[in-house]
Every structure is written in C-alpha cells, then in structure tokens.
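Numbering of the sequence shown is given in my numbering, commencing with residue 2 and proceeding in unit increments. First comes the structure, then the notes that go with it.
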Amino acid sequence: MTNPVFAALGRPFRLGIVGGAPPSMIGPVHRIAASMDQCFTLAAGVLSSRPERSRAAGVAVGLVESRCYGTVEDLIAGERARDDGIEAVAIITPNDSHARYLKLAISAGLDVMIEKPLCNDLGDAKTLRELAASTGCAVAVTHTYSGYPMVREMRARCLAGEIGAVRLVQVEYLAGGLATAVELGPDGHQRWRLQPERSGPSLVLGDIGTHAHHLVSFVTGQPFETVSADVGALHPGRKVHDVAQVRFRLAGGIRGQLDVCNAAAGMSNHIGLRVYGETGHMEWLHRRHNELAIASLNGEVRVIAAGQPMLTADAQHSSRLLHPGHPEGLHEAVANLYCGLADMMLARRGHATSGAPRLVPTIDDGVAGLAFVMACLESSARDGAAVFLGS
Numbered sequence: 002m003t004n005p006v007f008a009a010l011g012r013p014f015r016l017g018i019v020g021g022a023p024p025s026m027i028g029p030v031h032r033i034a035a036s037m038d039q040c041f042t043l044a045a046g047v048l049s050s051r052p053e054r055s056r057a058a059g060v061a062v063g064l065v066e067s068r069c070y071g072t073v074e075d076l077i078a079g080e081r082a083r084d085d086g087i088e089a090v091a092i093i094t095p096n097d098s099h100a101r102y103l104k105l106a107i108s109a110g111l112d113v114m115i116e117k118p119l120c121n122d123l124g125d126a127k128t129l130r131e132l133a134a135s136t137g138c139a140v141a142v143t144h145t146y147s148g149y150p151m152v153r154e155m156r157a158r159c160l161a162g163e164i165g166a167v168r169l170v171q172v173e174y175l176a177g178g179l180a181t182a183v184e185l186g187p188d189g190h191q192r193w194r195l196q197p198e199r200s201g202p203s204l205v206l207g208d209i210g211t212h213a214h215h216l217v218s219f220v221t222g223q224p225f226e227t228v229s230a231d232v233g234a235l236h237p238g239r240k241v242h243d244v245a246q247v248r249f250r251l252a253g254g255i256r257g258q259l260d261v262c263n264a265a266a267g268m269s270n271h272i273g274l275r276v277y278g279e280t281g282h283m284e285w286l287h288r289r290h291n292e293l294a295i296a297s298l299n300g301e302v303r304v305i306a307a308g309q310p311m312l313t314a315d316a317q318h319s320s321r322l323l324h325p326g327h328p329e330g331l332h333e334a335v336a337n338l339y340c341g342l343a344d345m346m347l348a349r350r351g352h353a354t355s356g357a358p359r360l361v362p363t364i365d366d367g368v369a370g371l372a373f374v375m376a377c378l379e380s381s382a383r384d385g386a387a388v389f390l391g392s
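Set out below in structure tokens:
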C-alpha cells in the first residue's frame, strides 16, 4: 500500500484525538489504525472530559505534555496557534458529545474522523452536513466493517452482477455484552451507554444497528426506502433498547431483514451478511472476515480468501498481505478508513491521491444512519407500520 501523503507533503498529516483514554477499547484501535500506513501521526489530544485525566492519559500514550489539552476548545485554540498544528481530528467520545465536538472541529477547518453514530439527533446531523459542505472539510464516519477487504470484495462482485439482480438481503449483528444487568455493576466506564440522555434515542440502533444498516447499503449500493421495526429491551427494567428486528425494502424493491441485539447471551460480536441474487448468493461472516463464500444455483460453493491475486481492485487496495494466509483484522479495517480520509484531505488540498476506490463512509452515510434509526423508532411506536425514509 503506497503512501500518497508523503508523496505530496513529505510527512504524514498531523492528527488530534478527542476521547479514548485508557481503559477505552476503541481508543487504541484508532491510535494504531491512524498510524498504520503513516498517513497520519498523532500530535495532540483531549483524551478525557476530565482535564487532569486527559493530560495524564495523553502523556501515557506518547503525546508531548504541552499538547495534552483539557478541553476541545483548548485543543483547537492551542493547535491553531502553532505552525505545526493538527490538520485533522478523530472524535471517539460518547454519543451525546459528537454534535458539539464535530461542529467545533469543522468550524475550525479541521478534517474529521468520527465514530458512529454521527450524533444523536437527525436535525443536528443534517445541519452538520451543511456546515461541512460550506467549509469544505472532509468528514469520515467509522463504519468499521466496510473497511474489511472481503466486504469490499463482496460489494464489487455484487455491483458487477456476479449473482444477478439482488432480491434479498439478510444482516445480523448479535453481541452479548448487555445480556446481564451490567448497569448495576462496577464498570462506570461504559455506564454512559445505558443512559438514554447520553447514548441517544436507541442504544442498540445507534451502537450496532447503524453498522448493520451501512453494511447493507454499502454492499448493495442501494439506499433504504422503507422499514418495519420492533425495537425494545430484552432485559427486564432496562431503560435503553437492546434489541431491534427490522424488515426493510431497498431501492429497486429489494427485500431484507436486519436483526441487531447487544443482549444476546453467549454471543461475541457475531456479524453476518448474506446477499441473494437471481443466480446465487454471497455470505460474509465477521468471525471469518478474511473469507467470502459464493454459492451458485447448482449447489457449488466457492470460498475465496483475502490476499489472492484474482480479487478486485477494491479488495487489493485494502489489503496489506504480502502472502495469502496471514490474518488481517479490526485494526487494518479501521486503517483503511483512515487511508480513505487521507485521500479526501489530499483531494481538497489539490494533491494527487492514492488512486484507490473512494469507499470511506462520509457524513452522508452518517446522516443516512440517523434517518434509519429515527424511522425504525417511528415504525416501532406504530406497532411495526412501514415507514418511508425520506431523502
């Protein structure tokens, strides 16, 4: 994988990070992924909303103490005053802070990588999209699974018509982290997820439902048109949603089923996507993420693996394998999204890009995810009535 940023600038882009102090799970993922291809170097940060903790955590992950800030406002002001200030920022904080931090970043002219969901309110999401367009800032959304090479291979083959016209899509994302009453336990670090005012209008839809929604549209190339949903809580007395079952229609009349649950006892982040066409189907499973299964009408099933020379350009550009068989995973998938953001940043500065297909999720995908969440909630409140997703 080439580095177009060095070719253009002679150095990586300078990145700031907001959130992700230890013991965050997603913090190290972003820090490792952003630097994996040397398109970005971590230069500054606000790792916690508590200033002292933020400064200590910043030093612990290798930042210079003078660039470990106590607030996002301080980060932006401090870096703006430097000749070597940051050019982009990664926002990996709890959901309720996304809108404010994203507005601050793009108002300051910074390009952004932001965790999903884009924010907690559809109106805010649309306003932020308009602001990003007016400033020209690039905004990428961390829909991680679209960064896996074999998901991109699935997309390329689907769009090329390898299984004929798509008729049916099934997707599930099942996790067991909320199968017990974790809100009563000692893990304060994750407690915000179980507070509706912080996690948003639907925890399960915002947390993992938006991932499943994006996977479907990414692979098929078709937007959601209608949803019929049942959203609620499996765990008695829980204040947030932990399960959603959604029947949907995509553009072109494609039918589908989406099931997401983060209270599925015994499940460990199971993600499955199946696309059925006229002449066969394709299946991708997260637990076998370096493989893609393709089945034909005659019963033949082929399993193709990452790193093979016959793969499409979408997958080839997304893989770092020198030899097939070595594993790639979550960090590499997120790194592919950072490479996509780097290309967006180069393009808006008038530099040559990597030439790789532009597959990184953008603020448009973030808005679409919020529209999906709100349509599902409206449908569920109306006993599963079909709800149309507007533009």
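We put the beta carbon where it would ideally sit given N, CA and C, even for glycine. Note that this is a predicted model, so its numbers are computed, not measured.
Would you kindly report the start and end of the unbroken beta strand (DSSP E) that includes residue i?
i	result
Leu360	No beta strand (DSSP E) contains Leu360, which DSSP labels as neither H nor E.
Val183	From DSSP, Val183 is part of no beta strand (DSSP E); its letter is neither H nor E.
Leu43	Phe41 to Val47
Ala386	Looking at the DSSP string, Ala386 is not in any beta strand (DSSP E), and its letter there is neither H nor E.
Ala294	Glu292 to Ser297
Quick one: Cα of residue i to Cα of residue j, how far?
i	j	result
Pro23	Leu274	32 Å
Ser1	Ala91	Missing from the structure shown is residue 1; the chain here goes from 2 to 392 and no further.
Arg194	Pro202	11 Å
His242	Leu378	10 Å
Phe115	Ile164	Residue 115 is actually Ile in this sequence, not Phe. Spanning the two alpha carbons is a distance of roughly 34 Å.
Val228	Leu206	13 Å
Ala314	Gly308	11 Å
Val368	Gly11	35 Å
Val217	Pro52	40 Å
Ala34	Ala372	28 Å
Leu238	Tyr339	Strictly speaking, residue 238 in this sequence is Gly, with Leu absent from that position. Between Gly238 and Tyr339, the C-alpha separation is close to 40 Å.
Lys240	Ala182	11 Å
Gly385	Ala82	53 Å
Gln196	Pro310	48 Å
Ser200	Asp97	6 Å
Gln258	Phe219	16 Å
Ser137	Leu185	At residue 137 the sequence reads Gly, which differs from the Ser that was named. Whole-angstrom Cα-Cα distance: 45 Å.
Thr3	Leu235	47 Å
Leaving out the 5 sequence neighbours to the left and right, which residues in its chain are closer than 7 Å to residue i when beta-carbon positions are compared?
i	result
Gln223	Leu251, Ala252, Gly253 and Ile255
Asn270	Ala176 and His287
Glu226	Arg250, Leu251, Ala252, Phe389 and Leu390
Gly281	Ile164, Ile295, Ala296, Ser297 and Leu298
Cys69	Gly46, Ser55, Arg56, Gly59 and Val60
Would you kindly report the start and end of the unbroken alpha helix (DSSP H) that includes residue i?
i	result
His271	It is not in any alpha helix (DSSP H) - His271 instead sits in the beta strand (DSSP E) that spans His271 to Gly278.
Gly281	Per DSSP, Gly281 belongs to no alpha helix (DSSP H); it is in the beta strand (DSSP E), Gly281 to Leu286.
Ile27	Ile27 to Ser36
Tyr339	Leu331 to Arg349
Gly356	Note, Gly356: premise wrong, no alpha helix (DSSP H); not H, not E.
Asp315	Ala314 to Gln317
Leu10	Pro5 to Leu10
Gly257	Where Gly257 is concerned, there is no enclosing alpha helix (DSSP H), although the beta strand (DSSP E) it sits in stretches over Arg256 to Cys262.
Arg56	Pro52 to Ala61
Val152	Pro150 to Leu160
Quick one: what's got a C-beta closer than 8 Å to residue i's C-beta in the same chain, skipping five residues either side?
i	result
Glu74	Leu105
Asp85	Arg15 and Ala44
Return the chain-ordered list of same chain residues with a C-beta closer than 6 Å to the C-beta of residue i, the five sequence neighbours on each side being excluded.
i	result
Asn337	Gly148 and Ser319
Tyr277	Arg168 and Leu169
Would the C-beta of residue i count as close to the ligand FMN, meaning under 7 Å from any of its heavy atoms?
i	result
Ile115	Of the ligands one can find in the structure shown there are none, so the ligand FMN has no counterpart to examine.
Quiz item: What alpha helix (DSSP H) runs, 4 residues minimum, are completely inside the stretch 74-133?
Solution: 99-108
Quiz item: What are the start and end residues of each continuous alpha helix (DSSP H) run of 4 or more residues lying completely inside the stretch 199-236, in chain order?
Solution: 211-221
Quiz prompt | Inter-stretch contact at 8 Å, needing at least 3 Cβ pairs: the stretch 282-296 / the stretch 154-161 | solution = yes
Quiz item: On the three-pair Cβ rule with 8 Å, is the stretch 133-148 touching the stretch 349-369?
Solution: yes
Quiz item: Is the stretch 77-89 touching the stretch 106-125, taking contact as three or more C-beta pairs under 8 Å?
Solution: yes
Quiz item: Does the stretch 164-174 come close enough to the stretch 369-377 to have 3 or more Cβ pairs within less than 8 Å?
Solution: no
Self-check item: Validate contact between the stretch 14-22 and the stretch 40-48 using beta carbons, cut 8 Å, 3 pairs
Solution: yes
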